[in-house]
Amino acid sequence: AYASFESGFYETPYFIVIDREWKSIVVSIRGSLTLEDCVVDVLLDPSPLDALGEKYGFDGTEQYCHGGVLECTNWLHADLMKHKILEKLLLGPNAEYSDYTLRIVGHSLGAGIGVILSMMLRNTFPDL
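In structure tokens form, the structure reads like this:
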């Protein structure tokens, strides 16, 4: 359905596929691979999730996230919102796959991004 090959300090490659067997739209996020990814991996300063939780409707009180993971998640979320692919596939009267569920998967850095991204999208996609 979609692939982003952008790669930089916070830009993380990902793709979206349609899994007809499991009736799922799958967002798969690449893990650490490049030198830039390794730099992000060592951005260990914890970032509070209070404001993010307020914005996206989850309890982020006294919760923290790896700073590099949060920056990458913010970029990926913005990219998803810019292209509106998930909305086109899953939401609204013209959605092609409104009876499908959303799954977010990743490896290494991508797994961390996937967890935070899931928290950000949960209110919009409750079956996530």
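Position in the sequence shown (first residue = 1) + 13 = the working numbering. Beta carbons are placed, not taken as given, at the ideal position from N, Cα and C, and that holds for glycine.
Query, Result
"Close Cβ partners of arginine 135 (< 8 Å) along its chain, the five nearest in sequence each way excluded", "Tyr69, Gly70, Phe71, Leu141"
"Segments of 4+ residues assigned as alpha helix (DSSP H) that fall wholly inside the segment 79–122", "80–96, 98–103"
"Beta-carbon proximity check, glutamate 5 vs tyrosine 23, cutoff 8 Å", "Nothing about residue 5 can be read from this structure; the chain reaches only from 14 to 141."
"Cα-Cα separation between glycine 66 and glycine 73, rounded to whole angstroms", "5 Å"
"Bounding residues of the alpha helix (DSSP H) (the contiguous stretch that carries aspartate 63)", "63–69"
"Identity of the residues DSSP links to serine 60 by a beta bridge", "Cys78"
"Enclosing beta strand (DSSP E) for aspartate 32 [first to last residue]", "27–32"
"Beta-carbon proximity of isoleucine 98 to tyrosine 27, cut-off 8 Å", "no"
"Where serine 37 falls: helix, strand or coil (DSSP)", "strand"
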